[in-house]
Amino acid sequence: MKNMSLKSRKIKEYFIEKIILISGIISIVFVILIFIFLLKEGLSLFKTISLKDFLFGKLWYPISEPPKFGILSLFLGSIWVTLGAIVISFPLGIASAIYISEVAHLKIREFLKTGIELLAAIPSVVLGFIGMTTLVPLVRKMFNLPTGLTALSGSIMLAFMAIPTIVSIAEDAFYSIPKRYKEAALALGATKWQTIWRVLIPAGFPGIVAACMLGIGRVIGETMAVMMLTGNTAKIPKSFFDPARTMTATIAAEMGETVRNSEHYFSLFAIGIVLFIITFIVNLIADIYIHKELK
Amino acid sequence: MFKNIMCFVFSLCMLLGFAGCKRTPRAGTICAVGSDTMVNLVQSWAEEFMKTSSDSFIAVTGGGSGTGIAGLISNSCDIASASRKMKEQEIEKAKKNNINPVEFIVGLDGIAVVVNPNNKVDKLTIDQLSDIFTGKITNWKEVGGEDKKIVILSREMNSGTHIYFKEHVLRRNKEDSKEEFAPSALLLSSSQAIADEIIQNSQAIGYYGMGYVNPKQKALKIAKDKKSVYYEPSISNIISDKYPISRPLYIYTKSQPEGKIKDFIDFALSKRGQEIVKETDFVPVN
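Chains as they are written, first to last, in this note's numbering: chain A, 409 to 703; chain B, 6 to 291.
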C-alpha cells in the first residue's frame, strides 16, 4: 500500500514536472514566434522604403499618393510623452515607496499598499476616459493653451499608470536591504532622514533603477490612454504643451484600415519592431540591475 | 492531491482551448462592419429588420470604413458599410481573395463643419476651409473671427469622412492636388470625440456627419465660392444639392447578395428603411 502511494506520487511528480516544463517552453516559443512574425512583416517594408527615410522622415502620410512613412515625429512623440511621465512618476513613486517601507505605521502601510495596487487595477481606457473629461479641459485652462489634448495630458495620465509598478518594485528593493544597515546607521546617531538618504537609497539603488525601468516599459507600451489624450498630431512636438502622436497610438489607430500586405501594413509592423527594440533595451537594463541587487 | 489534478486539468484545458478557438457562427447571423458615421443607421436598420425576421441576427460594429472594407476583403464580415467608395487597390485585393464586392448606395450624408457656439465665425467658403485644414490659415481673425489660433480637429485616417474631406474639400475635387491635412491637425478616434472637444474648446474646428450635430456645437454655413450663397447643412439643402459637402453612403457585399443578406439590403432600400435613414439624420436616396 505504501509502495503504491509512493509510486503513484512519483508518477504524479513526473507529470507535473513535465507540464511545468512545457508551459515554460511554450511561453518562450511564443515570444520567439511573435518576434519572427514581427521581423518578417516589418522588414518587408524596407524592400521599398529605405531605413533612413523610415527612421528620420518627418512626415507620416501612410495612405497618400505617394505615401510617406517617416516615423521621426511618432518616435519623438513617444519620447516626449514618456519623458513627461518619468519626470512626474519617478519622484512620486520612489518617495511613496520610501514612505511605505520605512516611515509609515503598519496600518497606514497596509492601507496605502492596497490603494496603490487598486490604482494598478484600473483599466487604461477608463483612465483615458476620465482624463479626457477632467484633465484635458483643466490643462487647457491652466496653461491657456489652444487645446488640452497635449503631450502633457498624456504624460500625467501615464504617470498614474507607472506609479503602481514603480512603488511596488522599489518597495521590495527597500525591504530586501538587510536590517542591520538601518540599525547600524541609527545606532551611530543618524537621524531617520539621514539613514534614508545616506544608507537606504544607496543600498537600494539597483532596485530603484529596476523599478524605474519597468515603469518606463509600462509607459512606452501604453496605447489606449495616450491615444485618447495626446491629440495624435503627427508633428514633432516642441514642448509638453504641443499635441503629440505616439508609436503605439499610430499602430492602434491605423491597423484597422490597412489592407494586408500593403506598404502601410508593413510599416505598422516596422513601428512594432522599433517599439520591441526599445522595450527590450529597457527591460534588459532593469534585468541587469535586478541581478546586481541579488549579489 | 486534488489541487494537483486540478492543475493538470487546467493546463490541459489551456492547451485544448486553442484548438476550440474556431467558432461556428450562429445560423442566420449576418455581420456588418464599417463606417462609424453609419453605425447608428445600420444598427437601427438591423433592429427593425430583426423584428420582422426573427430567425436572423445582425451584428453591427463600427471602426471606420477602411476597417469594414478590410474585413470584407479578408472575409471576416458579410456586409461592409462605407462612407467612401472602395478604392481600386482594395477591389483588386478583394478579387485576389475571390471576392467580388457589390456596391449599393443607401443614403446621402451631409458633412457639417462645426465650431464652438462662442466662435463668432458662422460661415466659410470651401477655399477658406481648404486653407484652414491644410494649415495656410492659422488664426481665426483671418476669416473674420477673434485673434486666436485655430485648432484643427480631424478623424483618424481609417475614417471615410477623413478621406472624403481631404479629396473634396482640401483638394477641391482636383485629382492631381497634393494637399494634405496640416501636420498640426489633431486626429481624434471618433466623431463623438471631435464633438466633445468642440463643446469644450472655442478655438477648435472639426467636421463630421451632420447627424452628430447638436445645439452645443455650431454647424457653419458653407458656400462653394465667394460669390455663391452660404447654405446650412440640412436635409432639404442636401437633396436640392445646395449644400456643397455631401456624399453618398455605401454598403458593400461580398458577392451578389442572396438570402438573408439580400432581404436586409432590400429592407434598407425599402420605404421603411429610407424612413430610418431620415430618422437618423441622413438623407434618403429614393
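Positions of the beta carbon are idealized from the N, C-alpha and C atoms, including for glycine.
### Query
When the Cα atoms are used, what is the spatial distance from MET621 (chain A) to GLY501 (chain A)?
12 Å
### chain A contacts from the stretch 83 to 116 of chain B (Cβ-Cβ distance under 8 Å)
GLN94, GLU95, LYS98
### Uninterrupted alpha helix (DSSP H) stretches inside the stretch 62 to 92 of chain B (no shorter than 4 residues)
70 to 78
### Message
Looking only at its chain, what residues have a beta carbon closer than 7 Å to the beta carbon of ILE686 (chain A), apart from the 5 residues adjacent to it on each side?
### Response
ILE628
### Message
Could you compute how far the alpha carbon of GLY140 (chain B) sits from the alpha carbon of TYR248 (chain B)?
### Response
24 Å
### Task
Determine, using beta carbons only, whether SER86 (chain B) and GLY73 (chain B) come nearer to each other than 9 Å.
yes
### Task
Count the other CB atoms, across all protein chains shown, that sit within 10 Å of the CB of PRO30 (chain B); report buried if there are 16 or more and exposed otherwise.
Bear in mind that the predicted position of PRO30 (chain B) carries a pLDDT of just 48, short of 50, making it too unreliable to give a figure here.
### Task
List the residues that DSSP assigns as beta-bridge partners of PRO253 (chain B).
B:LEU113
### Message
Bridge partners for ARG160 (chain B) per DSSP, in chain order?
### Response
B:LEU193
### Query
DSSP three-state call for LYS455 (chain A): helix, strand or coil?
helix
### Task
Give the single residue among B:VAL218, B:ASN242, B:GLY216, B:PRO220 whose Cα lies nearest to the Cα of ALA228 (chain B).
B:ASN242
### Boundaries (first-last residue) of the alpha helix (DSSP H) holding VAL617 (chain A)
609 to 629
### Query
Which one of B:GLY68, B:GLN208, B:LYS90, B:ILE266 has the shortest CA to CA distance from ASN144 (chain B)?
B:GLN208
### Query
Thinking C-alpha only, which one of B:VAL118, B:ASN123, B:ASN80, B:LEU129 is nearest ASN105 (chain B)?
B:ASN80
### Task
Measure the C-alpha to C-alpha separation of ILE609 (chain A) and PHE170 (chain B) and round it to an integer number of angstroms.
57 Å
### Query
Is the distance from the Cβ of ILE35 (chain B) to the Cβ of ALA64 (chain B) below 9 Å?
yes
### Message
So if I threshold CB-CB distances at 9 Å, which residues from the stretch 455 to 473 of chain A count as touching chain B?
### Response
LYS466, LEU467, TRP468, TYR469, PRO470, ILE471, SER472, GLU473
### Message
Please classify ASN103 (chain B) as buried or exposed, where buried requires at least 16 other C-beta atoms within 10 Å of its C-beta.
### Response
exposed
### Distance between LEU676 (chain A) and ALA559 (chain A) (C-alpha atoms, nearest Å)
22 Å
### Message
Please report the straight-line C-alpha distance between ILE430 (chain A) and VAL690 (chain A), rounded to a whole angstrom.
### Response
28 Å
### Task
Measure from the C-beta of GLU161 (chain B) to each C-beta in chain A and report whether the shortest distance is under 9 Å.
yes
### Query
From ALA694 (chain A) to SER576 (chain A), what distance separates their C-alpha atoms?
14 Å
### Query
Should SER245 (chain B) go down as buried or exposed, given a rule of 16 or more other Cβ atoms within 10 Å for buried?
exposed
### Query
Which of the three DSSP states, helix, strand or coil, is assigned to CYS26 (chain B)?
Reliability of the predicted coordinates at CYS26 (chain B) is poor, the pLDDT of 40 falling under 50, and no value is obtained from them.
### Task
Return helix, strand or coil for TYR469 (chain A), following the three-state DSSP convention.
strand
### Task
Kindly list the residues whose CB is nearer than 6 Å to the CB of PRO545 (chain A), restricted to its own chain and excluding five residues on each side of it in sequence; keep chain order.
GLY556
### Message
Can you find the residues in the same chain that come closer than 6 Å, C-beta to C-beta, to ILE240 (chain B), ignoring five residues on each side of it along the sequence?
### Response
VAL288
### Task
Could you run through the stretch 215 to 231 of chain B and flag, in chain order, every residue whose CB is less than 9 Å away from some CB of chain A?
none
### Task
Pair every Cβ in the stretch 593 to 611 of chain A with every Cβ in the stretch 144 to 161 of chain B, then say whether three or more of these pairs are closer than 8 Å.
no
### Task
Just confirm the distance between the C-beta atoms of GLU705 (chain A) and MET550 (chain A), as a whole number of angstroms; I'd bet it's less than 8 Å.
Because chain A spans 409 through 703 in this model, residue 705 (chain A) falls outside it and cannot be assessed.
### Message
Can you look up PHE477 (chain A) in the DSSP assignment and give me helix, strand or coil?
### Response
strand
### Message
Spatial neighbours of SER189 (chain B) within its chain, please: C-beta separation below 8 Å, excluding the five flanking residues on both sides.
### Response
GLY140, ILE157
### Query
Going by the beta-carbon positions, is the gap between GLU161 (chain B) and LEU192 (chain B) smaller than 9 Å?
yes
### Message
Within 9 Å of any Cβ in chain B, is that where the Cβ of SER484 (chain A) sits?
### Response
The sequence as given places Leu at residue 484 (chain A); Ser does not occur at that position. Output row for LEU484 (chain A): interface = no.
### Message
So that I know if they touch, is there some Cβ in chain A lying closer than 9 Å to that of SER135 (chain B)?
### Response
no
### ALA593 (chain A), enclosing alpha helix (DSSP H) - first and last residue
587 to 595
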